[in-house]
DNA sequence: ATCCCGAGGG
DNA sequence: CCCTCTGGAT
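In UniProt numbering, the protein residues as written are 1 to 218.
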């Protein structure tokens, strides 16, 4: 099966069964999503959502967060992965927002990646979810699922390479949704260690499944 | 032991 | 390219 056909069937299935996928991070404005996504590295969304209410209550905007010390912020995010790094990044991020962006979240990937703690993945999420731009953020789920199914060549061994390969085949209008479909599929079905092939709706197009199904049946 | 919507630094 | 950061869940 060609990649184009895999894409078409993958997109068809989820268009029908998950027509309006959205992030599971809880937020109410661009600033909050930027903070939440920055916190989400190597951490579950559930854990982030347990942490952000108190954080947003104490620091409701970039102005208040910019005046905080990293030690103060650390207190609020200590149950998150890498709390020291993230606390420093958040304060630095807020200070740059105030200094260079009038306290607002930038609307280009180019500007977003200038912020401390914001790399290409986070910038792509903000550009896509907040600013409705057709950017594909490649996180651990998107990377694993794309390669396992065979949506991208096995030679795509970096997040950037996977991003470019996905962008070649996904219609612009579906990039935002496809990002969430790949994440949700990875989070709940195509698990990293033991993918749940027995309940997977897209085994028909899956390269990994076609190679391993004999072992799975026995 | 391995993984979770990574980023920065060497 | 590598390494480190670093808590919670399974």
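We treat Cβ as the ideally placed atom computed from N, Cα and C, and that holds for glycine.
Expressed to the nearest angstrom, what Euclidean distance is found between the alpha-carbon atoms of residue i and residue j?
i: residue 111; j: residue 36; result: 18 Å
i: residue 208; j: residue 149; result: 6 Å
i: residue 9; j: residue 64; result: 47 Å
i: residue 19; j: residue 178; result: 10 Å
i: residue 147; j: residue 85; result: 30 Å
i: residue 25; j: residue 33; result: 8 Å
i: residue 152; j: residue 140; result: 14 Å
i: residue 196; j: residue 66; result: 44 Å
i: residue 156; j: residue 164; result: 9 Å
i: residue 69; j: residue 161; result: 37 Å
i: residue 104; j: residue 55; result: 18 Å
i: residue 114; j: residue 100; result: 10 Å
i: residue 28; j: residue 45; result: 15 Å
i: residue 107; j: residue 30; result: 10 Å
Only counting the same chain, and skipping five residues up and downstream in sequence, which positions put a Cβ closer than 6 Å to that of residue i?
i: residue 180; result: 21
i: residue 121; result: 137, 139
i: residue 43; result: 80, 81
With 16 as the cutoff for other CB atoms within 10 Å, does residue i come out buried or exposed?
i: residue 1; result: exposed
i: residue 52; result: buried
i: residue 6; result: buried
i: residue 17; result: exposed
i: residue 159; result: buried
i: residue 50; result: exposed
i: residue 73; result: buried
Would a C-beta distance cut-off of 8 Å place residue i and residue j closer than the cut-off?
i: residue 138; j: residue 123; result: no
i: residue 47; j: residue 77; result: no
i: residue 96; j: residue 136; result: no
i: residue 41; j: residue 98; result: no
DSSP three-state call for residue i: helix, strand or coil?
i: residue 117; result: coil
i: residue 219; result: Since the first residue of the chain shown is 1 and the last is 218, residue 219 is not available in this structure.
i: residue 85; result: helix
i: residue 151; result: coil
i: residue 196; result: coil
i: residue 60; result: coil
i: residue 22; result: coil
i: residue 212; result: helix
i: residue 107; result: coil
i: residue 127; result: helix
i: residue 137; result: coil
i: residue 76; result: helix
i: residue 156; result: coil
i: residue 171; result: coil
Take residue i and list the residues in its own chain whose beta-carbon comes closer than 8 Å to its own, dropping the five residues that flank it on each side.
i: residue 132; result: 176
Whose C-beta lies closer than 7 Å to the C-beta of residue i among residues of the same chain, with five residues either side of it excluded?
i: residue 118; result: 38, 93, 112
i: residue 145; result: 182, 185, 186, 190
i: residue 4; result: 169
i: residue 192; result: 144
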